[in-house]
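Chemist: Residue 659 is where the sequence shown starts when you use our numbering, and the numbers rise one by one after that. There's a structure below that I have some questions on.
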Amino acid sequence: MLVQNLAVLVLAGFVGFLVISKVPTTLHTPLMSGTNAIHGIVLLGGLIVLGLGTEGVLNRVLLVIAIAFGTINVVGGFLVTDRMLGMFKRKPGSSGDSEPSRGARS
């Protein structure tokens with residue numbers, strides 16, 4: 659059973675790497691936002707499992723650590739996404755009309 663689980667983990671990592679490496683740069687921000695939303699659902703599931711009760715102190719400690727790291731990942735991901743989207747906003751005071759158009763002759 660352990661060998662099967664490790665094989666699935668390795669294959670999932672390999673397929674994930676192949677899929678992510680093929681994503682064009684223009685889609686990285688929407689992809690990051692989507693994965694943050696999915697990871698938020700995973701965090702909610704972890705909180706539900708913790709609330710329903712788990713057996714053993716080690717399981718509870720590992721679950722709390724996983725929830726903490728997951729929360730850091732989601733918050734950091736949303737901060738990075740917000741910063742990336744902020745790069746596309748116009749700065750106040752620049753209307754964009756100050757540069758001459760390319761087709762205009764002087």
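All residues carry an ideal CB built from backbone N, CA and C; glycine is no exception. What you are looking at is a predicted structure, and each value in this text was computed from that prediction instead of being measured.
1. Compare the C-alpha of I723 against each of G711, V668, H697, G704 and name the closest.
2. Quick one: what's got a C-beta closer than 8 Å to F727's C-beta in the same chain, skipping five residues either side?
3. Just confirm the distance between the C-beta atoms of V732 and G698, as a whole number of angstroms; I'd bet it's less than 8 Å.
4. State the Cα-Cα distance for the pair G735 and T687, rounded to the nearest angstrom.
5. Give the range of the alpha helix (DSSP H) segment to which V700 is assigned.
Modeler: Walking through what the data contain:
1. If you number the sequence shown from 1, residue 723 lands on position 65. Minimum Cα distance to I723 is reached at G704.
2. The count along the sequence shown starts at 1 and reaches residue 727 at position 69. Within the same chain, no residue comes within 8 Å of F727 by CB-CB distance, once the 5 residues on both sides are set aside.
3. Position 74 of the sequence shown, counting from 1, holds the residue named residue 732. Position 40 of the sequence shown, counting from 1, holds the residue named residue 698. Correct: roughly 5 Å between the Cβ atoms.
4. Within the sequence shown, the letter at position 77 stands for residue 735. Within the sequence shown, the letter at position 29 stands for residue 687. Cα to Cα, the separation comes out at about 10 Å.
5. Against the sequence shown, residue 700 aligns to sequence position 42. Counted as a single uninterrupted DSSP element, the alpha helix (DSSP H) harbouring V700 occupies residues 686-710.
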